[in-house]
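A quick write-up on the structure given underneath.
Protein chains: 2
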Amino acid sequence: MTAPALTAIGIDFGGTSVKFAIVRGPAIVDRGTSLETQGFASSDAILEAMAQEIARLRERHPEVAAIGVGLPGMVDAEGGIVHELSNVPGWCDVALRSVLAAKTGLPVAIENDAKAMTYAEWRFGAAQDYPNVICVTLGTGVGGGLILGGRLYRGSANGAGEIGQTSIDHRGVPAVYGNLGAVEKYVGNREIAELARQRYREAGVEPDAQACTPKALSQAADGGDPVAAALWTEVGTLLGAALTNVVWLLNPDCIVLGGGVAKAGERLFKPIRDTIAARTMESYHQRLAIVPAALGSDAGVIGAAALGAEAAEASLQESKNR
Amino acid sequence: MTAPALTAIGIDFGGTSVKFAIVRGPAIVDRGTSLETQGFASSDAILEAMAQEIARLRERHPEVAAIGVGLPGMVDAEGGIVHELSNVPGWCDVALRSVLAAKTGLPVAIENDAKAMTYAEWRFGAAQDYPNVICVTLGTGVGGGLILGGRLYRGSANGAGEIGQTSIDHRGVPAVYGNLGAVEKYVGNREIAELARQRYREAGVEPDAQACTPKALSQAADGGDPVAAALWTEVGTLLGAALTNVVWLLNPDCIVLGGGVAKAGERLFKPIRDTIAARTMESYHQRLAIVPAALGSDAGVIGAAALGAEAAEASLQESKNR
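Here the protein sequences come in this chain order: A and B.
By the count of this note's numbering, the first sequence reaches residue 382 at its end, each step adding exactly one.
By the count of this note's numbering, the second sequence reaches residue 382 at its end, each step adding exactly one.
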């Protein structure tokens with residue numbers, strides 16, 4: 061698969077900010093000015109501000125030929141509709157693709173943000189050339205995306221890849237969408253902090269609030285803190301249990317872990333690998349790559365831009381063939 | 061997708077018997093004489109007996125143009141190799157496809173038996189026209205297969221679809237291949253019997269051995285036995301927990317349940333549906349079909365024959381295009 065030849069604007073629409081980049085293949089050529097997501101009264105208002113930023117970027121980069129947008133929520137990529145956004149009110153069945161195409165005159169692709177990141181890591185990042193990939197983003201929530209048979213797999217209602225909502229304990233605590241024992245309720249940022257507080261207290265230490273962020277816990281483990289080191293083994297084992305289920309079900313050749321928690325590095329990756337190795341047959345794990353994401357916080361704009369550029373190229377090709 | 065035009069011999073190679081059928085599309089035209097799997101000293105010996113039965117069938121049906129074989133174990137469908145068989149000793153890296161092709165002069169396809177059954181249910185049975193399907197076989201073990209994006213999905217080492225080995229409790233009891241809390245250890249035939257004995261005793265009843273088979277437990281529930289009725293709800297809820305994880309991960313549009321345990325019918329299907337509905341978002345379950353397998357014990361030979369016929373047709377087409 062060759063990289064798209066077209067230059068596209070990649071937009072990473074997050075709960076906090078909307079980021080813009082001019083992207084060619086895997087390369088960020090330029091960046092736009094971010095918008096504050098919560099600073100707008102309606103989806104119409106933020107869409108108008110996005111169109112203005114796009115217009116400014118195109119003055120600097122007239123070669124821009126497509127737009128791709130990744131958004132956190134239920135996105136119908138094929139239909140071009142945003143059904144709803146997590147943590148952003150006022151988005152209900154917005155025809156984002158056609159609205160943005162009408163405002164800009166450019167072809168537009170839209171996608172769920174975790175799927176856009178997965179796509180970027182597969183096309184240009186840590187999972188290149190693997191046909192079957194699960195990409196997991198670890199943060200406040202746990203999201204994910206799937207590449208299966210060399211294609212982005214969306215599922216029947218664009219909902220595939222939600223590993224954070226899969227359960228590791230059928231009698232566990234309820235998660236936000238109703239599942240019991242969803243792994244997100246064990247390894248989300250808040251849950252890791254809560255577990256750390258508990259483990260420090262069990263060790264007779266009263267931790268301050270700053271000591272229990274993923275970053276501080278990584279630094280503490282680096283500095284030889286045995287509670288923090290044991291905590292990462294515990295978190296990795298829990299995450300490994302959830303990934304073991306994915307491995308039995310999908311027999312992938314690559315698992316990519318991204319997001320803030322993944323920065324804990326080998327102290328998180330080792331118990332994940334050990335858990336999967338202990339709980340699956342050899343043919344499932346012997347050639348399984350378990351790797352950190354390579355594109356960092358740019359994966360969102362790179363993946364969105366690639367999807368935009370590829371959709372534009374496919375539609376050009378189609379009109380040529382007619 | 062049209063049904064294959066070629067007539068093929070479908071072979072369902074089980075741990076107990078090897079069954080033969082002459083198959084055209086979804087129709088069983090004739091049946092061969094079964095072999096006893098354990099009655100042969102080596103894989104060579106049973107392969108020779110299979111070739112003889114194939115020759116006999118071809119005398120009656122000279123139109124046979126392909127062979128398909130489904131087997132219980134690690135089958136490399138693309139490479140034509142059987143890596144190992146569950147419950148059948150002496151099968152280690154057998155080049156079944158080329159051996160059988162040399163013995164018969166016919167094109168041969170081989171496949172894992174659960175995947176062959178899945179393929180049959182998708183092409184001709186309960187999951188027709190659904191692009192994303194999980195098919196689960198409930199028996200002593202719990203197996204499965206996946207159709208994703210309108211194709212049989214095998215995974216990177218032909219291991220995909222093993223829902224029986226996925227866990228519903230990360231601290232649960234160990235299963236045969238190392239996972240803890242694998243759902244097979246809760247809803248396999250033996251485990252259902254054990255759970256039934258336990259529930260009867262809790263109710264102050266000492267059950268006889270015959271009372272705890274899936275069939276007897278279904279009849280007891282039909283007859284108004286409250287212990288048996290509650291047991292099916294419990295089993296369905298456990299199976300529903302495992303399927304909920306599949307739904308979050310793959311967002312399928314159809315789940316097919318086959319095998320002996322699935323004959324418990326609505327008393328098993330209702331708690332499965334209720335569990336998935338309670339533990340997923342509406343968009344994941346509102347259009348999700350959860351249905352019994354339609355082809356029964358013929359799914360194996362029908363699926364194997366279809367895979368054989370289609371492989372033969374594809375290779376005919378390829379040589380025409382050259």
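Idealized CB from N, CA, C, for every residue including glycine.
All values derive from a computational prediction rather than experimental measurement.
What do you reckon, are the CB atoms on residue i and residue j nearer than 8 Å?
i               : j               : result
G284 of chain A : T335 of chain A : no
A162 of chain B : L66 of chain B  : no
G360 of chain A : G130 of chain A : yes
T97 of chain A  : G74 of chain A  : yes
G199 of chain B : G320 of chain B : yes
A87 of chain B  : A371 of chain B : no
E294 of chain A : L255 of chain A : yes
A174 of chain B : G209 of chain B : no
S343 of chain B : A220 of chain A : no
V265 of chain B : V287 of chain B : yes
T226 of chain A : L206 of chain A : no
A364 of chain B : E171 of chain B : yes
T273 of chain B : N239 of chain A : no
L212 of chain A : L309 of chain B : no
D72 of chain B  : K79 of chain B  : yes
A349 of chain A : D313 of chain A : yes
G92 of chain B  : A63 of chain B  : no
G167 of chain A : N147 of chain A : Before going further, note that residue 167 of chain A is Pro rather than Gly in the sequence given. Cβ atoms of P167 of chain A and N147 of chain A: not closer than 8 Å.
V142 of chain B : W151 of chain B : yes
G185 of chain A : L355 of chain A : yes
L95 of chain A  : A109 of chain A : yes
A322 of chain A : R183 of chain A : no
A280 of chain B : A271 of chain B : yes
Does any residue of chain B bring its CB to less than 8 Å from the CB of residue i?
i               : result
Q225 of chain A : yes
R116 of chain A : no
E181 of chain A : no
I315 of chain A : no
N192 of chain A : yes
F134 of chain A : Sequence inspection shows Met at residue 134 of chain A; the Phe mentioned does not correspond to that position. It does; some Cβ of chain B falls within 8 Å.
I350 of chain A : no
I252 of chain A : no
With DSSP as the reference, please indicate the residues paired to residue i in a beta bridge.
i               : result
E144 of chain A : A:M134, A:C152
K163 of chain A : Looking at the DSSP assignment, K163 of chain A forms no beta bridge with any residue, so it has no partner.
P352 of chain B : B:L317
P234 of chain B : B:L240
K330 of chain B : Bridge partners of K330 of chain B: none, in fact.
K79 of chain B  : B:D72
R91 of chain A  : A:A81
Y213 of chain B : B:L206
C195 of chain B : B:G205, B:V316
S227 of chain A : A:A242
I127 of chain B : B:I69, B:V168
E96 of chain A  : A:S77
Would you say residue i lies against chain A (beta-carbon separation less than 8 Å)?
i               : result
G219 of chain B : yes
I228 of chain B : yes
Check the C-beta distance from residue i over to residue j and give it rounded, since I have them as a contact under 8 Å.
i               : j               : result
V154 of chain A : S103 of chain A : 5 Å
G368 of chain A : K330 of chain A : Incorrect: roughly 38 Å between the Cβ atoms, too far for contact.
I315 of chain B : V196 of chain B : 7 Å
E181 of chain A : A68 of chain A  : Not a contact, Cβ separation roughly 17 Å.
T105 of chain A : T164 of chain A : In the sequence as displayed, the identity of residue 105 of chain A is Ala instead of Thr. Not a contact, Cβ separation roughly 17 Å.
V247 of chain B : V202 of chain B : 6 Å
I228 of chain A : L298 of chain A : 6 Å
May I ask you to list, following chain order, the residues of the segment 136-161 of chain B that have a beta carbon less than 8 Å from some beta carbon of chain A?
So the close ones are H143.
Using a Cβ-Cβ cut-off of less than 7 Å, list which residues of the segment 319-344 of chain B approach chain A; keep chain order.
Listed by position, the residues of the segment 319-344 of chain B near chain A (Cβ gap below 7 Å) are A338, R339, T340, M341, S343, Y344.
Listed in chain order, which residues of the segment 196-222 of chain A have Cβ atoms closer than 9 Å to some Cβ of chain B?
Residues of the segment 196-222 of chain A that bring their beta carbon within less than 9 Å of a beta carbon in chain B comprise G204, L206, L208, G209, R211, Y213, R214, G215, S216, A217, N218, G219, A220, G221, E222, in sequence order.
Residues from the segment 232-248 of chain A in contact with chain B, defined by Cβ distance under 7 Å
Only those residues of the segment 232-248 of chain A whose C-beta falls short of 7 Å from the nearest C-beta of chain B are listed: Y237, G238, N239, L240.
Members of the segment 299-314 of chain A that neighbour chain B once the beta carbon cut-off is set at 7 Å:
Only A301, T304, N305, V306, W308, L309, L310, N311, P312, D313 from the segment 299-314 of chain A bring a Cβ to less than 7 Å from some Cβ of chain B.
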